[in-house]
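The sequence shown begins at -8 in our numbering and counts up by one.
Working notes, beginning with the structure itself.
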Amino acid sequence: MKNIFFLISALSIFISSCKKDPIINDKFKTTPYIIEVPKYFPIMNTNPLNPMTVEGFELGRKLYYDPILSNDGRSCASCHDQKYNFTTYASNALVHVNLAWNTNFLWNGHVTGTLEDIMMFEVGDFFNTDINKLNNSNDYKNLFKKAYNIDKITKTDVAYALAQFFRARVSYNSKFDKFIRGETDLSPSELNGYILFTTEKGDCFHCHTLPLTSDNQFRNIGLDSVFEAHNLGRYEVTHNPLDKGKFKVPTLRNIEVSAPYMHDGRFKTLAEVVEFYNSGVKVSSTIDPIMTKPGKEYGLKLTTKEKSDLISFLKTFTDTSFLNNKAFSKP
């Protein structure tokens, strides 16, 4: 009986040793892409299914500037020019900066989630990308193979590559950042503007929370008192009457070069924006309570010097190293 047991054991060992080892594709290797983020920034929203790689970033960068995504000759860069903080005056599109911390996208928050989610909307709904054009391109097939080890490109793959390029674009080297890090001082005017921004006098900090300068929420700041099709805002998504006139709070990073301002581009200069907050607020049933604090029901009532100082501080958010970074430019 023992001999039979040993015979069976030996036979099973022999059979298992004859099985083919699993084939491992050791040729597919990517290079990790390290995103530089200052310690005083919140934790970045990432996607474990789409780890950052050099190959993925470069592929997303190429796609961003390529009209192959659309059917009418436009690319992402057509409406998002780097020197204007990845927007354009004509389009008045939301800027593409520090979007990795966003969970709500577009002026009315039509898309929520991660950068992969908003990129799926852009590829599928906005551009209606013809995925066959990418699959018929040997160049793109090779690039997607290197980045994701795939042979057939899908819209999800395109969205993931674009998300990598978006996630990497972090602005953190403005004069304001250098001031926070103790590397430089603000001028007297900028410092007074900073105090106005971060105290109840100016009340900017409630919505434009530092350091990202946006709380990622939707607010009615008193632009209009009557709401029609063009200015319904968040209501278009939720259909909640309390959301009429509420729009996404945009970042102020590089605000100096991001004109025009507001969801409809009604203000052409920062002076016009500040004057609106100072004396042009319109009350409605859905206006944010921050805008109607006692004594500020119709504006901040700042002096001419205070308005000038506030604008001086807003300009400290300009990050020329980001605006001129060749790594984010057209390849």
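Beta carbons are placed, not taken as given, at the ideal position from N, Cα and C, and that holds for glycine.
Residues of its chain near residue 150, where Cβ-Cβ distance is below 7 Å and the 5 sequence neighbours each way are ignored
107, 110, 111, 114
Cβ pair count under 8 Å reaching 3, the stretch 73 to 80 against the stretch 243 to 263
yes
Using the three-state DSSP reduction, which class does residue 131 fall into: helix, strand or coil?
helix
Taking the alpha-carbon positions, what's the residue 160 to residue 284 distance?
36 Å
To the nearest angstrom, report how far apart residue 11 and residue 155 are at their CA atoms.
The predicted position of residue 11 is uncertain, since its pLDDT is 42 and thus under 50; no value can be drawn from it.
According to DSSP, what are the bridge partners of residue 83?
The partner list for residue 83 (beta bridge, DSSP) is empty, contrary to what the question assumes.
Span separating the alpha-carbon of residue 197 from that of residue 281
8 Å
Hey, how far is the Cα of residue 21 from the Cα of residue 322?
20 Å
Short check: CB of residue 188 to CB of residue 293, under 8 Å?
no
To the nearest whole angstrom, what separates the beta carbons of residue 358 and residue 157, a pair I think is in contact under 8 Å?
The structure shown has nothing for residue 358, since the chain only spans -8 to 322.
Grab the span of the alpha helix (DSSP H) containing residue 264 for me, first residue to last.
261 to 270
Span of the alpha helix (DSSP H), counted from its first residue to its last, around residue 110:
106 to 112
Residues in its own chain within less than 7 Å of residue 212 by CB, not counting five upstream and five downstream?
279, 282
Give the single residue among 30, 19, 26, 18 whose Cα lies nearest to the Cα of residue 202.
30
Buried versus exposed call for residue 96 [16 or more other C-beta atoms within 10 Å across all chains shown]
buried
Is DSSP giving residue 21 helix, strand or coil here?
coil
Start-to-end residues for the alpha helix (DSSP H) that takes in residue 299:
295 to 305
Closest by CA to residue 104, which one among 35, 168, 138, 169?
35
Going by DSSP, what residues sit across from residue 210 in a beta bridge?
238
Nearest by alpha-carbon distance to residue 41: which of 219, 69, 152 is it?
152
Can you list the alpha helix (DSSP H) stretches of 4 or more residues lying completely in the stretch 22 to 76, in chain order?
45 to 55
Using 8 Å as the cut-off, can you tell me whether the stretch 261 to 281 makes contact with the stretch 213 to 225, which would need three or more C-beta pairs spanning the two stretches below that distance?
yes
Using CA atoms only, rank isn't needed, just tell me which of 38, 137, 48 is closest to residue 318.
48
Around the Cβ of residue 233, are there at least 16 other Cβ atoms within 10 angstroms (buried) or fewer (exposed)?
exposed
Using a Cβ-Cβ cut-off of 7 Å (strictly less than) and excluding sequence neighbours within five positions of residue 65, which residues of its own chain qualify?
58
Would the beta-carbon of residue 303 fall within 8 Å of that of residue 181?
yes
Backbone secondary structure at residue 12 - three-state DSSP
No answer about residue 12 holds up, because its pLDDT of 46 lies below 50 and its placement is not dependable.
So what's residue 252 in DSSP terms, helix, strand or just coil?
strand
Tell me, please, which residues DSSP counts as bridged to residue 224.
237
Could you check what DSSP says for residue 102 in three-state terms: helix, strand or coil?
strand
Rounded to whole angstroms, what is the Cα-Cα separation between residue 170 and residue 120?
43 Å
Counted within 10 angstroms of its Cβ, other Cβ atoms place residue 46 as buried (16 or more) or exposed
buried
Buried versus exposed call for residue 141 [16 or more other C-beta atoms within 10 Å across all chains shown]:
exposed
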